[in-house]
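*Asks:* Converting from the sequence shown to the numbering used here requires adding 151 to each position, the first position being numbered 1.
Even for Gly, the Cβ is constructed at its ideal location relative to N, Cα and C.
These numbers come from a predicted model, not from an experiment.
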Amino acid sequence: MKKASESGDRERSGASASFYVDAAGARIECAWFGNDIRGESEPIILLHHGFGSVTDWRNFPAALARLSSRPVLAYSRRGCGISSPRAERHDLAYLRKEALIYLPALLDGLGITRCHLVGHSDGATIALQFATAVPHRSVSCAAIAPHVFAERGTISGVAALRQRYVEDDSYRQRVARWHKDGDGAFFGWADVWLDAGFEQWSIVEEMRHLTVPTTIIQGNSDPFGSAIHAQLIDSHAALQPQIVMIKGGHNPHVEDQARAIEAIVKAF
152 MKKASESGDR ERSGASASFY VDAAGARIEC AWFGNDIRGE SEPIILLHHG
202 FGSVTDWRNF PAALARLSSR PVLAYSRRGC GISSPRAERH DLAYLRKEAL
252 IYLPALLDGL GITRCHLVGH SDGATIALQF ATAVPHRSVS CAAIAPHVFA
302 ERGTISGVAA LRQRYVEDDS YRQRVARWHK DGDGAFFGWA DVWLDAGFEQ
352 WSIVEEMRHL TVPTTIIQGN SDPFGSAIHA QLIDSHAALQ PQIVMIKGGH
402 NPHVEDQARA IEAIVKAF
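1) How big is the Cα-Cα spacing for Arg313 and Trp352?
2) My output table needs one value for Phe200: the three-state DSSP class, helix, strand or coil.
3) Report the start-end ranges of each beta strand (DSSP E) in the stretch 304-378 that is 3 residues or longer and not cut off at the edges.
4) Inspect the CB distances between the stretch 212-219 and the stretch 234-243 and report whether three or more fall short of 8 Å.
5) When we look at the beta-carbon of Ala294 and count the other beta-carbons within 10 Å, is it buried (16 or more) or exposed?
6) From Asp320, Ile196, Trp183, pick the residue whose C-alpha is nearest to that of Leu254; which is it?
7) Which residues in the same chain as Met396 place their Cβ atom closer than 6 Å to its Cβ, once the five residues preceding and following it in sequence are excluded?
8) Can you tell me whether Ser386 is helix, strand or coil according to DSSP?
9) Less than 7 Å between C-beta atoms, sequence neighbours within five positions excluded: which residues of the same chain meet that for Arg247?
10) Would you say the stretch 378-390 touches the stretch 359-368, given that touching needs at least three Cβ pairs under 8 Å?
11) Within this structure, are the beta carbons of Leu345 and Ala301 separated by less than 8 Å?
12) The alpha helix (DSSP H) with Ser291 in it runs from where to where?
13) I'd like to know whether the C-beta of Gly270 is nearer than 8 Å to at least one C-beta of chain C.
14) Which residue's Cα is closest to the Cα of Ala225: His287, Gly274, Ala177, Leu251?
15) Counting only runs of 4+ residues fully inside the stretch 208-266, write out the alpha helix (DSSP H) ranges in chain order.
16) Using the rule of at least 16 other Cβ atoms within 10 Å of the residue's Cβ for burial, across every protein chain shown, is Thr264 buried or exposed?
17) Rounded to the nearest angstrom, what separates Gln324 and Gly203 at their Cα positions?
18) Assuming the contact rule is C-beta atoms closer than 8 Å, Ala327 and Gly333 should be a hit. Round their C-beta distance to whole Å, please.
19) May I have the straight-line CA-CA distance separating Asp242 from Val343, to the nearest angstrom?
20) Looking only at DSSP bridge pairs, what is Ile179 linked to?
21) Using the rule of at least 16 other Cβ atoms within 10 Å of the residue's Cβ for burial, across every protein chain shown, is Val317 buried or exposed?
22) Please tell me whether Ser272 and Ala282 are closer than 8 Å, where the distance is taken between their beta carbons.
23) From the DSSP output, in three-state form, read off Gln391 for me.
24) Where does the unbroken alpha helix (DSSP H) through Gly274 begin, and where does it stop?
25) Closest to Ser386 by CA distance: which of Pro403, Asp407, Ala418, Met358 is it?
26) In whole angstroms, give me the CA-to-CA distance for Arg221 and Ser321.
27) If Val416 and Ser219 are in contact, beta carbons under 8 Å, what's the gap, nearest whole angstrom?
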């Protein structure tokens, strides 16, 4: 089976070679897409879903870089892609830690002061938490299929996907393509969402501090989260977000890439 560490398996049109940045004690896999970063002080930072990686974005980063005329950085969080494994099991505050410890450290390591944030699923939640806590470093925020609380339907969707992962060899092999340790990436994400304590998790009240221009992109048939997340952000945010509903499921940036990118770029 091919693994994420094999360069021949990378489906990243227009990307630089992967490189590493040391961030808060972790070695983080990164790749640039589009223009040379030296000519752009406010790049786009991509934050992947719960068990995603640099390569799992496929052609989206290159398309976003081309249509926005901005450089795009994708990175793999700890335990994902070919970044350092996590030294500890995900705890119930893992999204906050990624937003307030590892993402700022990564930006510091790259010499980036301010950036545009584009996150998907868990990555969208991290982007929102960073934007609310560190607004002076956030130019804009695009949250694709975000989570702001542990919705019952989300937990059911995670449980069903976990069962599929355990039972479906082809799906497990597909996930393994994007990671040095596919099992670690997948179970690290799924098991924290299925922890009974996670049912109380919520960042809804934090959205009162959301003051940066924000776009919420949501599929109208998303099995991992309903439009209530967009509605809660809208009703709590200090600065009203733009909400874009796209026909499809949990990956609206894939299902209607052109419309999703158009919505993201409008906020710049």
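*Replies:* According to the structure shown:
1) Roughly 20 Å between the two C-alpha positions.
2) The residue asked about is misnamed: residue 200 is His in this sequence, not Phe. Looking at His200 - three-state DSSP - the assignment turns out to be coil, as it is neither helix nor strand.
3) Within the stretch 304-378, the complete beta strand (DSSP E) runs of at least 3 residues are 365-370.
4) Judged by Cβ distances under 8 Å, the stretch 212-219 makes no contact with the stretch 234-243, as fewer than three pairs qualify.
5) Under this definition Ala294 is a buried residue.
6) The residue from Asp320, Ile196, Trp183 with its alpha-carbon nearest to that of Leu254 is Ile196.
7) Gln369, Asn371, listed in sequence order.
8) Reduced to three states, the DSSP call for Ser386 is helix.
9) Gln280.
10) Counting Cβ pairs under 8 Å, three or more are found: they touch.
11) Contact flag unset, no.
12) Segment 289-295 is the beta strand (DSSP E) holding Ser291; no alpha helix (DSSP H) there.
13) Although the question refers to chain C, the structure presented lacks it and comprises just one protein chain.
14) Here the closest residue by C-alpha is Gly274.
15) Listed in chain order, the complete alpha helix (DSSP H) runs (minimum 4 residues) inside the stretch 208-266 are 211-219, 245-248, 254-261.
16) Here Thr264 is exposed: its Cβ has fewer than 16 other Cβ atoms, across all protein chains shown, within 10 Å.
17) Spanning the two alpha carbons is a distance of roughly 14 Å.
18) Confirmed, about 4 Å.
19) Answer to the nearest angstrom: the Cα atoms are 7 Å apart.
20) In the DSSP assignment, Ile179 is bridged to Val172.
21) Val317 comes out exposed.
22) No; because the gap between Cβ atoms is not below 8 Å, this pair is not in contact.
23) Look at Gln391 here: in three-state DSSP terms it is coil, with no helix or strand label.
24) Going by DSSP, Gly274 is part of the alpha helix (DSSP H) stretching over 273-284.
25) Distances from the CA of Ser386 to each of Pro403, Asp407, Ala418, Met358 were compared; the closest alpha carbon is that of Met358.
26) Rounded to whole angstroms, Arg221 and Ser321 show a C-alpha spacing of 36 Å.
27) So it is a contact: roughly 5 Å between Cβ atoms.
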